[in-house]
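Working notes for the structure below.
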């Protein structure tokens, strides 16, 4: 009877995976220093700038609304704002044009 499992009296490696560390752990650091170093490395790896998160992007963009009623309400709002702006500025423009015509005609006749 052949046994496929072979017993090895050697100790198993600390890390059972076959990974190779690029930077061996410095033995001069204390466990607190190692923990702080690992924490800062994890923070650097996981840090995402606040302006590229989905929340920040959605905060700056309006939701698209393709409903006819929403488009109509927007159009009515724009028309009302233009009407108010014209009602304030149009009389002044008419007065300015009239004044400039008088000045022009006065200079021509003089």
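Residue numbers (the numbering used here): 5 to 114.
Note that the Cβ used here is the ideal one computed from N, Cα and C, for glycine as well.
As the structure is a prediction and not an experimental result, all values here were calculated from the model.
Here DSSP, grouped into helix, strand and coil, assigns residue 66 to coil. The C-beta distance from residue 60 to residue 67 rounds to 15 Å, too long to meet the 8 Å contact threshold. In the same chain as residue 63, and ignoring 5 residues on each side of it, no C-beta atom comes closer than 7 Å to its own.
In the three-state reduction of the DSSP assignment, residue 71 falls in the coil class, being assigned neither a helical nor a strand state.
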